[in-house]
Structure formats: C-alpha cells, structure tokens
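> Before I ask anything, let me first share the structure, which is written out below as structure tokens.
There are 2 protein chains.
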Amino acid sequence: MSLDHALLVSLLEKPSSGYDLARRFDRSIGHFWPATHQQIYKVLARMEEAGWIAGQVERGESGPDRKVFTATDAGRTMLSGWMVEPTEMEVARTAVMVKLRAAAFDDPQRLLPSLHERRDQHAGLLDAYREIEQRDFAGELSTQRALQHHVLKFGLAYQQLWIDWLAEAESLVAHIPPKQDNE
Amino acid sequence: MSLDHALLVSLLEKPSSGYDLARRFDRSIGHFWPATHQQIYKVLARMEEAGWIAGQVERGESGPDRKVFTATDAGRTMLSGWMVEPTEMEVARTAVMVKLRAAAFDDPQRLLPSLHERRDQHAGLLDAYREIEQRDFAGELSTQRALQHHVLKFGLAYQQLWIDWLAEAESLVAHIPPKQDNE
DNA sequence: CCCAGCATGTAAGAGGTTACATGATTGC
DNA sequence: GCAATCATGTAACCTCTTACATGCTGGG
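For the protein sequence lines, the chains are A and B, in the order given. Note that our numbering has the first sequence beginning at 99, numbered continuously upward. Note that our numbering has the second sequence beginning at 99, numbered continuously upward.
Written out as structure tokens, the structure reads:
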C-alpha cells in the first residue's frame with residue numbers, strides 16, 4: 099500500500115493535481131513506482147479522506163478545472179513514521195528467468211531474438227537515465243537533489259546489470275548445440 | 099499470468115504434487131517467481147482443465163494421498179510458444195527509493211537503521227546463493243544446469259548491486275548535516 | 001497428549017491493469 | 001470538421017496475500 103507514500107513524497111516536492119502526478123510518474127518517480135492515472139485518482143481520494151492531503155479546486159479559465167493537492171502536517175507525520183519502518187524486500191518476478199529454464203526443454207536458440215530485444219530495451223532505458231543525470235544532476239547538489247541522484251544511480255546500475263547479464267545469456271544460449279535431446 | 103509457465107517448467111524438470119512444488123518454490127525457482135501453496139493449487143487446477151498438465155492420484159500408504167502432475171505434450175507446446183514471445187519489462191516497485199526521496203523532508207539520518215538492516219538481508223541472500231552455487235553448480239554442467247546457473251548468477255549480481263548501493267546510501271545519508279530545513 | 005509435518009484446499013480482500021466514459025479547448 | 005491534449009473518473013477483471021479449514025501420521 100505504498101503508492102500512498104510515493105504520492106505524498108511527490109506532493110511534498112510539489113503540490114499537484116492528479117493529472118500532473120500521472121504525468122510526472124511517467125518520468126521521475128514512476129521509474130521506481132509506476133502508476134496509472136486511474137490508480138492515482140483513487141488513492142488521492144482515499145488520502146484526502148484520511149486527512150493526509152488537502153485538495154483545492156482551481157477554476158480553469160481556459161480548460162477544465164483542476165484539483166490541486168498539498169500534503170498536510172498529518173500526512174508529513176504519517177510519512178515520517180513510515181520512513182523508519184523496516185522495508186521488507188520486494189519480490190522480483192522475472193519471466194526471463196523462467197524462460198531460460200524453459201529453454202532446456204526446447205531449442206535454446208529460439209530464445210535469442212527475445213533476449214536481444216530485451217537487451218535493447220534496457221539499453222534504451224540506460225540512455226534515458228544517463229540523459230536525466232546529465233541534465234538534472236550535474237555539479238553541486240542540494241540534499242534533496244543528492245538523494246534523488248542516488249536513486250537514479252540505482253537505476254543506472256540496474257540497467258547495466260541487465261545488459262551485461264543478457265549479453266552473457268545470449269552468448270551462452272548461442273553456443274549450445276541445437277536440437278539435442280536434453281531432459 | 100506467468101506462474102503457469104513457472105509451474106510447467108518445474109513439472110518438466112520433475113513431476114510433482116502441489117505440495118512438492120510449493121516447497122521447491124521456496125528454494126530454487128521461487129527466488130525469481132515466488133508463490134504460495136494456495137496460488138499453486140489453484141493454478142494447477144486451471145492448467146489441468148486446460149490440458150497442459152495431467153494429474154494422477156497416488157494412494158499414500160503412510161500419510162495422505164498426493165496428486166502428482168506431469169506436463170503434457172500440449173503443455174510443452176504452449177510453453178514453447180510462450181518462450182519466444184517478447185518479454186515485457188516487469189516493473190520494479192521499490193519502497194526504499196521512495197523512502198530515500200522522503201528523507202529530504204525529514205531528518206535523513208533516521209533512515210540509517212532500516213538501510214543497514216536491509217543491507218544485512220541482501221547479504222544473507224547473497225550468502226545463500228553462493229552456497230547453492232558451490233553445492234549445485236561446480237565443475238562441468240549439462241545444458242539444463244548451465245542455464246539454471248546463469249539464472250543464479252543474476253541473483254548473485256543483483257544482491258551485490260543492492261549491497262553496494264545501500265552501503266553508498268548509508269554513507270551519503272550519514273554525512274548530511276541533520277535537522278536542516280530543506281524544502 | 002500435543003505438536004510438527006504431510007497434503008489439499010476455500011474465502012475475503014488489497015492492489016494493479018485494461019477498457020470505457022465524459023466534456024471542454026486548441027491546432028491543423 | 002477532426003484529432004490531440006487537458007482533466008477526472010467508473011467498472012470489470014486478474015493476481016497475489018492473508019486468514020482459515022480439514023484430516024491423517026509419527027515422534028517426544
């Protein structure tokens with residue numbers, strides 16, 4: 099139930115409407131906690147009722163109205179308590195791993211295209227992260243920025259890990275004699 | 099909907115009852131696709147109905163009956179088709195990242211204990227993986243074993259990544275002047 | 001006698017995804 | 001006139017988690 103906390107942090111960083119949050123989630127924090135607008139609106143409503151955030155409707159002169167949310171003191175307190183709780187390790191469900199094991203019961207070479215495609219995707223993300231780093235995290239950083247930068251560094255290292263691992267996987271799979279009866 | 103495939107692979111590796119699978123998932127494949135026995139029984143029933151696996155009840159002389167499942171040809175075909183489909187990148191929801199960003203609005207040092215605890219957990223997993231590697235993947239390996247080994251290598255690198263990143267995070271957080279008004 | 005392990009489930013609920021809905025404005 | 005963008009939702013569905021249920025056996 100931690101989309102709540104991600105949204106609260108986002109609102110502390112900058113008061114926003116649900117629509118704003120949905121778009122920002124596509125970029126910054128959404129890389130580590132993705133959410134759709136449907137989810138976001140629902141959680142915002144729940145949090146407003148709980149008193150953790152307060153919404154104020156802004157009349158739109160040109161365009162529709164927007165409801166801008168701000169974190170309340172109660173929300174800040176809640177977040178502060180959550181922050182120090184031990185974080186249970188979230189489980190990774192990675193289909194690629196299952197496929198690698200499945201390859202033992204088929205011609206492993208058939209995996210090559212999807213492995214390669216997957217590697218391209220990670221390389222694309224890595225590039226995107228690098229651009230963000232260049233653009234937003236060069237030179238001296240405030241505390242807030244430094245913390246955000248460290249989060250980004252995890253992303254960089256994680257994508258690199260995938261790229262390296264997939265490259266090895268491709269070469270491993272490519273060198274297996276095809277069509278052998280292994281079971 | 100990929101617990102189906104994980105179970106199928108497990109059944110190809112060795113025909114088993116739901117109970118067996120639940121216990122094996124705690125160790126091997128469960129590190130990359132965890133599942134509880136409740137889930138497993140339900141999916142097994144669904145897959146049997148679909149004809150991907152076949153169950154045979156073994157009367158237990160001492161102890162309860164067990165229903166042992168085997169992958170069918172249809173199941174094998176299904177798996178083979180799934181294997182070559184492109185794997186969409188699964189999203190990582192990592193609460194620690196949210197907490198790091200939240201720390202900018204609180205005293206960051208309060209994060210230290212949970213970061214350290216978390217690092218211990220990853221170190222423990224790393225050790226466990228290393229033991230598995232020593233025990234099960236030494237010397238010459240069959241195709242099946244080699245593939246499984248590569249999956250394990252991802253786990254090793256992943257845990258190491260976390261450990262390094264958390265260590266850096268701790269030192270970053272520790273060196274921030276406490277109680278400053280950053281917002 | 002009680003607890004741990006074997007073996008199989010049902011049921012309720014939380015969280016997330018996908019599809020669908022509405023209504024206004026700006027740009028081509 | 002039509003598509004895209006702004007802005008906010010509802011509804012159905014799937015997956016996974018957590019709690020509860022049952023009954024039998026072997027060991028201390």
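All residues carry an ideal CB built from backbone N, CA and C; glycine is no exception. Treat the numbers as computed from the prediction; the structure is a model and nothing was measured.
Is there a Cβ of chain A sitting closer than 9 Å to that of S178(B), yes or no?
Start at 1 with the first residue of the second sequence, and residue 178(B) comes out as number 80. Output row for S178(B): interface = yes.
> Which residues in chain B have a C-beta closer than 8 Å to the C-beta of L183(A)? List them in chain order.
Taking the first sequence and counting its residues from 1, the one referred to as residue 183(A) is at position 85. Going by the sequence as given, residue 183(A) is Glu instead of Leu. Correct list: S212.
> Could you pull the DSSP bridge partners for Q154(B) from this structure?
For this step, residue 154(B) is matched to residue 56 along the second sequence. DSSP, once it has assigned bridges, lists V166(B) as partnering Q154(B).
> For the alpha helix (DSSP H) that L282(A) lies in, which residues bound it at each end?
With chain A covering 99 to 281 only, the question about residue 282(A) has no answer from this structure.
> Whether or not the segment 210-229 of chain B and the segment 212-228 of chain A are in contact is what I'm after, with contact meaning three or more pairs of Cβ atoms, one per stretch, closer than 8 Å; do they touch?
These segments do not touch.
> Is any beta-carbon of chain B found at less than 9 Å from that of D262(A)?
In the first sequence, residue 262(A) corresponds to position 164, counting from 1. Yes, because at least one Cβ of chain B sits closer than 9 Å to the Cβ of D262(A).
> Would DSSP call S126(A) helix, strand or coil?
Locating residue 126(A) in the first sequence gives position 28, counting from the first residue. Reduced to three states, the DSSP call for S126(A) is coil.
> Under a Cβ-count criterion, where at least 16 other Cβ atoms within 10 Å of its own Cβ denotes burial, should A201(A) be classed as buried or exposed?
As a first step, residue 201(A) must be located in the first sequence, where it is residue number 103. Buried, since its Cβ has 16 or more Cβ neighbours within 10 Å.
> From H103(A), P275(A) and R157(A), pick the residue whose C-alpha is nearest to that of A133(A); which is it?
Locating residue 133(A) in the first sequence gives position 35, counting from the first residue. The option with the nearest alpha carbon to A133(A) is H103(A).
> At which residues does the alpha helix (DSSP H) containing L270(A) begin and terminate?
Position 172 of the first sequence, counting from 1, holds the residue named residue 270(A). T241 to A272 is the span of the alpha helix (DSSP H), which, as asked, contains L270(A).
> Taking all protein chains shown into account, do 16 or more other C-beta atoms lie within 10 angstroms of the C-beta of V194(B), making it buried, or fewer, making it exposed?
For the purposes of this step, residue 194(B) is identified with residue 96 of the second sequence, where counting begins at 1. Label assigned to V194(B): buried.
> Which value, in whole angstroms, describes the spacing of the CA atoms of L264(B) and L109(B)?
Here residue 264(B) corresponds to residue number 166 of the second sequence, with the count starting at 1. Here residue 109(B) corresponds to residue number 11 of the second sequence, with the count starting at 1. Rounded to the nearest angstrom, the two C-alpha atoms are 37 Å apart.
> If we define contact as Cβ-Cβ less than 9 Å, is E281(A) a contact residue for chain B?
Locating residue 281(A) in the first sequence gives position 183, where the first residue counts as 1. Any reading at E281(A) is ruled out, since the residue's pLDDT is 47, under 50, leaving its predicted position unreliable.
> Measuring only the C-alpha atoms, how far is S114(A) from F167(A)?
What you label residue 114(A) is simply residue 16 of the first sequence in a count that begins at 1. What you label residue 167(A) is simply residue 69 of the first sequence in a count that begins at 1. Whole-angstrom Cα-Cα distance: 5 Å.
> If I'm right that R217(A) touches I261(A) with Cβ under 8 Å, what's the distance once you round it to whole angstroms?
The sequence position of residue 217(A) within the first sequence is 119, counting from 1. The sequence position of residue 261(A) within the first sequence is 163, counting from 1. So it is a contact: roughly 6 Å between Cβ atoms.
> Inspect the CB distances between the segment 169-178 of chain A and the segment 140-155 of chain A and report whether three or more fall short of 8 Å.
Verdict: yes, contact present.
> Between which residues of its own chain and H247(B) is the CB-CB distance below 7 Å, once the five residues before and five after are set aside?
As a position in the second sequence, residue 247(B) is number 149, starting the count at 1. Excluding positions up to five away in sequence, the list reads F235 and L239.
> Between the C-alpha atoms of R144(A) and I230(B), what's the straight-line distance to the nearest angstrom?
Start at 1 with the first residue of the first sequence, and residue 144(A) comes out as number 46. Start at 1 with the first residue of the second sequence, and residue 230(B) comes out as number 132. Roughly 45 Å separates the two Cα atoms.
> Within 10 angstroms of the Cβ of A267(B), are there 16 or more other Cβ atoms? Answer buried if so, exposed if not.
Looking up residue 267(B) in the second sequence gives position 169. Classification for A267(B): buried.
> If you drop the 5 nearest sequence neighbours on each side, which residues of the same chain put their C-beta closer than 8 Å to that of G253(A)?
Here residue 253(A) is taken as the residue at index 155 of the first sequence, counted from 1. Excluding positions up to five away in sequence, the list reads H129, F130, L223 and Y227.
> With distance defined between alpha-carbon atoms, name the residue in Q136(A), R199(A), D124(A) and L106(A) nearest to L250(B).
One-based indexing of the second sequence puts residue 250(B) at position 152. Measuring from the Cα of L250(B), the nearest candidate turns out to be R199(A).
> I want to see whether chain B comes within less than 9 Å of K140(A), judged by CB atoms only; does it?
Along the first sequence, read from residue 1 onward, the residue named residue 140(A) stands at position 42. Judged by the 9 Å Cβ criterion, K140(A) is not in contact with chain B.
> Applying a beta-carbon distance threshold of less than 7 Å, which residues of chain B neighbour D204(A)?
One-based indexing of the first sequence puts residue 204(A) at position 106. Simply S178 and M181.
> Nearest to G116(A) by alpha carbon, out of M99(A), I127(A), R125(A) and V141(A)?
For the purposes of this step, residue 116(A) is taken as residue 18 along the first sequence, with counting starting at 1. Nearest of M99(A), I127(A), R125(A) and V141(A) to G116(A), Cα basis: V141(A).
> Following the continuous alpha helix (DSSP H) through S160(B), name the residue where it begins and the one where it ends.
Counting from one through the second sequence, the residue named residue 160(B) turns up at place 62. Neither: S160(B) is in no alpha helix (DSSP H) and is coded neither H nor E.
> Anyone know if the C-beta pair for V107(B) and I127(B) falls short of 9 Å?
Position 9 of the second sequence, counted from the first residue, corresponds to residue 107(B). Position 29 of the second sequence, counted from the first residue, corresponds to residue 127(B). Contact: yes.
> List, in chain order, every chain A residue whose beta-carbon is nearer than 8 Å to that of V196(B).
As a position in the second sequence, residue 196(B) is number 98, starting the count at 1. Simply S100, H103, A104, V107, I127, F130 and W131.
> Quick check: I138(A) and L101(A), are their CB atoms within less than 9 Å of each other?
Here the question's residue 138(A) lines up with position 40 in the first sequence. Here the question's residue 101(A) lines up with position 3 in the first sequence. Yes, they are a contact pair.
> What are the residues of the segment 226-249 of chain B that lie near chain A, defined by any Cβ-Cβ distance shorter than 8 Å?
Answer set for the segment 226-249 of chain B: S240, T241, Q242, A244, L245, Q246, H248 and V249.
> Using 9 Å as the threshold, is the C-beta distance between L245(B) and V271(A) below it?
As a first step, residue 245(B) must be located in the second sequence, where it is residue number 147. As a first step, residue 271(A) must be located in the first sequence, where it is residue number 173. Yes, the Cβ-Cβ distance between L245(B) and V271(A) is below 9 Å.
> How about L209(B) and M181(A): do their beta carbons lie closer than 9 Å?
In the second sequence, counting from the first residue as 1, residue 209(B) sits at position 111. In the first sequence, counting from the first residue as 1, residue 181(A) sits at position 83. Yes, they are a contact pair.
> Can you check whether the C-beta of L110(B) is within less than 9 Å of a C-beta belonging to chain A?
The sequence position of residue 110(B) within the second sequence is 12, counting from 1. Yes, contact with chain A.
> Just to make sure I have the definition right: I need the residues of chain B whose C-beta is within less than 8 Å of the C-beta of R191(A). Which are they?
By 1-based counting over the first sequence, the position of residue 191(A) is 93. Going along chain B in sequence order, the residues near R191(A) (Cβ under 8 Å) are S100, F130, W131, P132 and E188.
> Spatial neighbours of R157(B) within its chain, please: CB distance less than 7 Å, with the 5 preceding and 5 following residues excluded, ordered by chain position.
In the second sequence, counting from the first residue as 1, residue 157(B) sits at position 59. So the qualifying residues of the chain are D163.
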